[in-house]
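Novice:
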Amino acid sequence: MAMTMSGDFVLPADKATVWAKLNDPDVLRACIPGCQSLETTGDNGFAAVAKVKVGPVSATFKGKVTLSDIDPPNGYRITGEGEGGVAGFAKGGAVVKLEDAEGGTKLTYDVEAQIGGKLAQLGGRLINGVAKKMADEFFANFAKAVEPQAA
């Protein structure tokens, strides 16, 4: 089953700060919903474990993520795949772009993913709804992470 999703958020920080946080595994681990671990695996890669619940299916996905087309501090391409046992698999990518905006930095993303196994049987509307909710949760968490900290 194929899925696409796109969106944008204005984050309350300058582009250099947003870029640094987008490349910080500790920040990403704290912002990704259900993320249990995120480790750096070489220059442009990460190994991740995330627990995800979609309708009646709950699974722990183990996967790897690679960054490419890296253009600091303007954006990159993320490619990843994850295995969730009997729940199925997910693989796909996203293009992330940063641009200056009033009040901070505008982050734009375009996602394409393939989903298989039990998850794909749940139907597109449920999958898309959960994916959108997780993206919104990630960006709400990430916006807090890039906010200037009061001294």
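Going by the working numbering, the letters in the sequence shown line up with residues 289 to 439, in that order. Note that beta-carbon positions come from the ideal geometry of N, C-alpha and C, so glycine has one too.
Taking the straight line between their C-alpha atoms, what separation do you get for GLN409 and GLN437?
Specialist: Each residue's alpha carbon lies about 44 Å from the other.
Novice: What's the C-alpha gap between PRO361 and VAL384?
Specialist: Their backbone Cα atoms lie some 11 Å apart in a straight line.
Novice: Considering only residues of the same chain and omitting the five flanking positions on each side of GLY477, which have a CB-CB separation below 6 Å?
Specialist: Because the chain spans 289 through 439 in this model, residue 477 falls outside it and cannot be assessed.
Novice: Within its chain, find whatever has a CB closer than 7 Å to the CB of ALA419; leave out the 5 residues flanking it on each side and keep chain order.
Specialist: Contacts found: MET291 and MET293.
Novice: If contact is defined by three or more beta carbon pairs under 8 Å, each pair taking one atom from either stretch, is the segment 309–322 in contact with the segment 423–432?
Specialist: The segment 423–432, when compared against the segment 309–322, does touch it at the 8 Å Cβ threshold.
Novice: May I ask which residues mark the beginning and end of the alpha helix (DSSP H) holding VAL418?
Specialist: Residues 412–434.
Novice: Could you check whether the segment 337–348 touches the segment 396–412, counting it as contact only if at least three pairs of C-beta atoms, one from each stretch, sit closer than 8 Å?
Specialist: Contact between the segment 337–348 and the segment 396–412 is present, because at least three Cβ pairs lie under 8 Å.
Novice: Hey, does GLU327 have any beta-carbon neighbour from chain C nearer than 9 Å?
Specialist: Checking the listed chains, one finds no chain C in this structure; it contains a single protein chain.
Novice: Which term fits ALA304, buried or exposed, when burial requires 16 or more other beta carbons within 10 angstroms of its beta carbon?
Specialist: With fewer than 16 other Cβ atoms within 10 Å, it is exposed.
Novice: Where does GLY412 land, buried or exposed, given buried means 16+ other C-beta within 10 angstroms?
Specialist: GLY412 comes out exposed.
Novice: Candidates PRO321, GLY295, LEU316 and ALA382: which alpha carbon is nearest GLU425's?
Specialist: Residue PRO321 is the option with its Cα nearest to GLU425.
Novice: Go through its chain and collect everything with a Cβ distance to SER356's Cβ below 6 Å, but skip five positions before and after it.
Specialist: Hits under 6 Å: ARG365.
Novice: Comparing C-alpha positions only, which one of ASP388, GLY381 and GLY295 sits nearest to GLY351?
Specialist: Nearest of ASP388, GLY381 and GLY295 to GLY351, Cα basis: GLY381.
Novice: Leaving out five residues before and five after GLU435 in sequence, what residues of the same chain have Cβ atoms less than 6 Å from its Cβ?
Specialist: Contacts found: PRO300.
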